[in-house]
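Novice: In this note's numbering, the protein residues as written are 1 to 105. Cβ coordinates follow ideal geometry from the N, Cα and C atoms, glycine included. The model shown is predicted, which means the values in this text are computed figures rather than measured ones.
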């Protein structure tokens, strides 16, 4: 079953960060827009997560290690790892979570 992103309402996560989320029985995929300078504060969750940068430059810190992700970069965030992000430019990111992010439904 396909989904049209234009028909999915955006969920604002924090100021400057919004996403459109699709849920299967096992995982959640998010198409995330991040405005330059926006910060996703330090947090953790029990979900395993991947973040793939589609456009822009995103500085991510995972368990105290910081790196800059560029288009084509993908990172894995283990369950319960403390992590944060800052957009160095406007960014588009694909986030995948397993299991499903019930709080994003």
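Between the stretch 74 to 83 and the stretch 39 to 46, can you find at least three pairs of beta-carbon atoms closer than 8 Å?
Specialist: At 8 Å Cβ cutoff, the stretches touch.
Novice: By alpha-carbon positions, which one of 63, 49, 93 ends up nearest to residue 69?
Specialist: Checked all of 63, 49, 93; the closest Cα to residue 69 is 93.
Novice: Name, in chain order, the residues that DSSP records as bridge partners for residue 33.
Specialist: Its beta-bridge partners are 18, 92.
Novice: Please classify residue 51 as buried or exposed, where buried requires at least 16 neighbouring CB atoms within 10 angstroms.
Specialist: Buried is the call here.
Novice: Whose C-alpha, out of 72, 14, 65, is nearest the C-alpha of residue 41?
Specialist: Of the listed residues, the one whose Cα sits closest to residue 41 is 14.
Novice: Start and end of the beta strand (DSSP E) containing residue 86?
Specialist: Start and end: 83 to 87.
Novice: Leaving aside the five residues before and after residue 30 along the sequence, list all residues of the same chain whose C-beta is less than 6 Å from its C-beta, in chain order.
Specialist: Correct list, in chain order: 19, 21, 95.
Novice: Going by beta-carbon coordinates alone, are residue 89 and residue 57 separated by less than 8 Å?
Specialist: Contact flag set, yes.
Novice: Buried or exposed, going by whether 16 or more other CB atoms sit within 10 Å of the CB of residue 12?
Specialist: Classification for residue 12: exposed.
Novice: Does DSSP put residue 48 in a helix, a strand or coil?
Specialist: Residue state, collapsed to three classes: strand.
Novice: Roughly how many angstroms separate the alpha carbons of residue 105 and residue 65, rounded to a whole number?
Specialist: If you take the alpha carbons of residue 105 and residue 65, they lie about 30 Å apart.
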